[in-house]
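One gets our numbering by counting positions in the sequence shown from 1 and adding 16 to each. Ideal Cβ placement from N, Cα and C applies to all residues, glycine included.
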Amino acid sequence: MFKAIVIDKDASAYQARMAELDDEKLPEGDVTVRVSYSTLNFKDGLAITGKGPVVRQFPMVPGIDFVGTVEASTDPRYQPGDKVLLNGWGVGETHWGGLAQKARVKGDWLIPLPLGMTERQAMAIGTAGYTSMLCLMALERHSVRPEQGKVLVTGANGGVGSFAIALLARNGYSVIAATGRPEETDYLKQLGAETIIHRSELSEPGRPLGKERWAAAIDSVGSHTLANVCAGTQAEGAVAACGLAQGMDLPATVAPFILRGVSLLGVNSVTQPYLRRVEAWSRLCAELDLEKLTDITHEIGLEQSLQAAQHLLQGKVRGRLVVDVNS
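This is the structure we're talking about:
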């Protein structure tokens, strides 16, 4: 038996609850993992509260991240006792995820836990930090360099934003942080932001083209914010888009793209190739000050994730929520 958060839905109700399940209930997969930690991401918040169409089948165990120890495996790449982690691949949406004490998944979805990184540190980073690194790598592939100008980070107080600031600063970029919580200015500057702007400068309908204010951007917000980010990007700049906190729409024009040559780079953290996942996590291990993860991390127990999901969607959470599934 193992404990898990389970989401059920019938004609009358949508419910997320704590449950105890039999191992035989685990879905198909060639690797069974004894989970140590999971996380609570924006997508998990939507799944648990039912405020977004994240869950595709029921019952579902949410949790798009997890780290733990291989318990059983028919995949020759993984042996019992190996430390592994997972991000994405539809877990928590179409396949039972990490907010549980056990998970059974395809070996193709896993990578080894990087040497020098603890399990808790891996989930303090989680999909948020992993996505931030994928965004940085996308900008680098587009030849964005620190000497070209400042880089804007939207949703700066969220998980993706916090890690994006830290990673950009570590790599020599001058960072502008956009936030709706100016009282967190000191926190953002500690992460590495040089300039703080209020998100209201970007969140309302704007002009097709604005003043060129940044060479590149990492956006986790979408909607009008992303449209304004593109409109304020310098000629031949690039914007890495990875989220939709404000909305799924993009009320923009083609002006930034055809008049300034701005590139919009979509970043998908769910189904990245194995080698890119390994590279991203290796760089996270090398480029983040792992000892400082405590500054952006709050640990909760498995059952607490039900209430914390509400707080996350209400914008009351700063940084990362790590879930100790055995607490």
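Query	Result
Would you call Asn-244 buried or exposed, if buried means 16 or more other Cβ atoms sit within 10 Å of its Cβ?	buried
With a threshold of 8 Å on Cβ separation, who are the neighbours of Gly-97 within its own chain once the five nearest residues in sequence on each side are excluded?	Thr-85, Val-86
Might you give, ordered along the chain, the residues of its own chain that have their beta carbon closer than 7 Å to the beta carbon of Arg-136, omitting 5 neighbours on each side?	Tyr-53, Val-338
What span of residues does the beta strand (DSSP E) with Ile-213 cover, start to end?	209 to 214
Indicate whether Ser-321 and Gln-262 have their beta-carbon atoms separated by less than 8 Å.	no
How close, in whole Å, do the beta carbons of Gly-113 and Pro-78 come, if the pair is a contact with beta carbons under 8 Å?	5 Å
Leaving aside the five residues before and after Ala-247 along the sequence, list all residues of the same chain whose C-beta is less than 8 Å from its C-beta, in chain order.	Gly-222, Arg-223, Pro-224, Leu-225, Gly-226, Ala-268, Ala-271, Pro-272
In whole angstroms, give me the CA-to-CA distance for Val-83 and Gly-282.	26 Å
Relative to the C-alpha of Met-76, which candidate in Gly-253, Thr-110, Glu-200, Asp-91 has its C-alpha closest?	Thr-110
Using three-state DSSP, classify Gln-330 as helix, strand or coil.	coil
Just the C-alpha distance for Leu-131 and Thr-147, rounded to the nearest angstrom, thanks.	20 Å
With a cut-off of 8 Å on the beta carbons, I'd call Ile-192 and Thr-211 a contact; round off their distance for me.	5 Å
Between which two residues does the alpha helix (DSSP H) harbouring Lys-59 extend?	58 to 65
When DSSP builds the beta bridges, which residues end up paired with Ala-261?	Paired residues: none, contrary to the question.
Looking only at DSSP bridge pairs, what is Val-22 linked to?	Arg-33
Which residues does DSSP pair with Pro-128 in a beta bridge?	Val-100
Per DSSP, which residues does Lys-118 bridge with? Please list them.	Arg-50
Beta-carbon within less than 8 Å of Gln-73's beta-carbon, same chain only, minus the 5 sequence neighbours each way: which residues are those?	Thr-110
Who are the near neighbours of Ala-144 in its chain, counting only those whose CB is closer than 7 Å to its CB and skipping five residues on each side?	Asn-57, Gly-175, Val-176, Phe-179, Arg-336
Nearest to Gln-250 by CA position, among Leu-275, Thr-241, Thr-134, is which residue?	Leu-275
Can you tell me whether DSSP reads Ser-236 as helix, strand or coil?	coil
Among all the DSSP beta bridges, which residues are the ones paired with Ala-302?	In DSSP, Ala-302 forms no bridge with anything.
For Met-139 versus Thr-241, is the C-beta spacing smaller than 8 Å?	no
Grab me the residues of Val-294's own chain with a C-beta within less than 6 Å of its C-beta, minus the 5 sequence neighbours each way, in chain order.	Ile-127
Which residues in the same chain as Leu-306 place their Cβ atom closer than 6 Å to its Cβ, once the five residues preceding and following it in sequence are excluded?	Gln-137
Under a three-way DSSP split, which group does Asp-81 fall into?	strand
Which term fits Lys-118, buried or exposed, when burial requires 16 or more other beta carbons within 10 angstroms of its beta carbon?	buried
Please return the same chain residues whose Cβ sits closer than 6 Å to the Cβ of Ser-343, not counting the five positions on each side in sequence.	Gly-317
Between the alpha carbons of Ser-298 and Val-71, how many angstroms are there, rounded?	30 Å
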